[in-house]
Amino acid sequence: MLFLYGLTILAGIANAIQPGQNATLSKSLGLPVTAGLITLLVSTAALLLGGLAIGKLEVPTGQQLTQVPWWAWLGGLFSVLLILAQLYASPAIGAASFLGIIVTVGVAASIVLDNYGWVGFPVHPASLWRILGAVLMVAGVALVALF
């Protein structure tokens, strides 16, 4: 479990750094969509090499493929949306505002997803405290964005 928390912390750090990297790639090339494609290709290569290195890369069976819910295939589309936001929005609004908005909206949306058990998450009711936490995050992001 400690490994999973460590991995999550590293992902949070990467989430703060990556928009600047992607926006710089886009600005340097002058080709935002090409920069987004390069980002996805680097991600694909890293997953491929990492999966091969640790022996966890396998081709799914036909039965496994048919058991996947239709909506689970759309995750890659959301990755593209995030990358496009990194390329276009993060340079304009700054790292702190960008990440604050991404995280806060993500938490608010996650409370709804948890409450109803949507997209494969177990039901975790939206308590007053969870909602209050999200409201406080909105207030914090507003302060970061304004000042």
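FYI, numbering that gives the first Met the number 0 numbers position 125 of the sequence shown as 124, with every residue one higher than the one before it.
In this text, a Cβ means the ideal position worked out from N, Cα and C, and glycines have one as well.
(message) Extract the residue ranges of the alpha helix (DSSP H) inside the region 46–86, only unbroken runs of 4 or more that lie entirely within it.
(response) 61–65
(message) In whole angstroms, give me the CA-to-CA distance for A95 and L81.
(response) The residue labelled residue 95 in the question sits at position 96 within the sequence shown. The residue labelled residue 81 in the question sits at position 82 within the sequence shown. Looking at the two C-alpha atoms, the distance is approximately 16 Å.
(request) Write down the C-beta distance between F120 and L112 rounded to the nearest angstrom, noting that I regard them as a contact closer than 8 Å. (result) Residue 120 sits at position 121 when you count from the first residue of the sequence shown. Residue 112 sits at position 113 when you count from the first residue of the sequence shown. F120 to L112, Cβ: 5 Å. Contact.
(message) Excluding the 5 residues flanking F146 on each side, which residues of the same chain have their C-beta closer than 8 Å to its C-beta?
(response) Mapped onto the sequence shown, residue 146 falls at position 147. The answer is none, since no qualifying residue turns up.
(message) Quick test of your reading: T103 and V67, contact by CB under 8 Å. State the CB separation rounded to the nearest angstrom.
(response) Taking the first residue of the sequence shown as position 1, residue 103 is located at position 104. Taking the first residue of the sequence shown as position 1, residue 67 is located at position 68. That pair is no contact at about 30 Å.
(request) Tell whether a beta-carbon distance below 8 Å holds between P18 and S89. (result) Here residue 18 refers to the residue found at position 19 of the sequence shown. Here residue 89 refers to the residue found at position 90 of the sequence shown. The answer is yes: Cβ separation under 8 Å.
(message) Distance check for F2 and L36, CA to CA, integer angstroms please.
(response) On the sequence shown, residue 36 is found 37 positions in, with the first residue counted as 1. On the sequence shown, residue 2 is found 3 positions in, with the first residue counted as 1. Their Cα atoms are separated by approximately 30 Å.
(message) What does the alpha-carbon distance come out to for the pair L46 and M136?
(response) Locating residue 46 in the sequence shown gives position 47, counting from the first residue. Locating residue 136 in the sequence shown gives position 137, counting from the first residue. Between L46 and M136, the C-alpha separation is close to 32 Å.
(request) Would you mind working out which of G105, L86, T60 sits nearest I16, comparing C-alpha positions? (result) Taking the sequence shown and counting its residues from 1, one reaches residue 16 at position 17. Of the candidates G105, L86, T60, the one whose C-alpha sits nearest the C-alpha of I16 is L86.
(message) Quick check: I110 and I130, are their CB atoms within less than 8 Å of each other?
(response) For the purposes of this step, residue 110 is identified with residue 111 of the sequence shown, where counting begins at 1. For the purposes of this step, residue 130 is identified with residue 131 of the sequence shown, where counting begins at 1. Yes, the pair counts as a contact, with Cβ atoms nearer than the cut-off.
(request) Over the uninterrupted alpha helix (DSSP H) stretch that includes W128, give me the two end residues. (result) Stepping through the sequence shown from its first residue, residue 128 is reached at position 129. That run of the alpha helix (DSSP H) goes 127–145.
(request) Could you tell me the distance, in whole angstroms, from the CA atom of L83 to the CA atom of N14? (result) Your numbering for residue 83 matches position 84 in the sequence shown. Your numbering for residue 14 matches position 15 in the sequence shown. Answer to the nearest angstrom: the Cα atoms are 14 Å apart.
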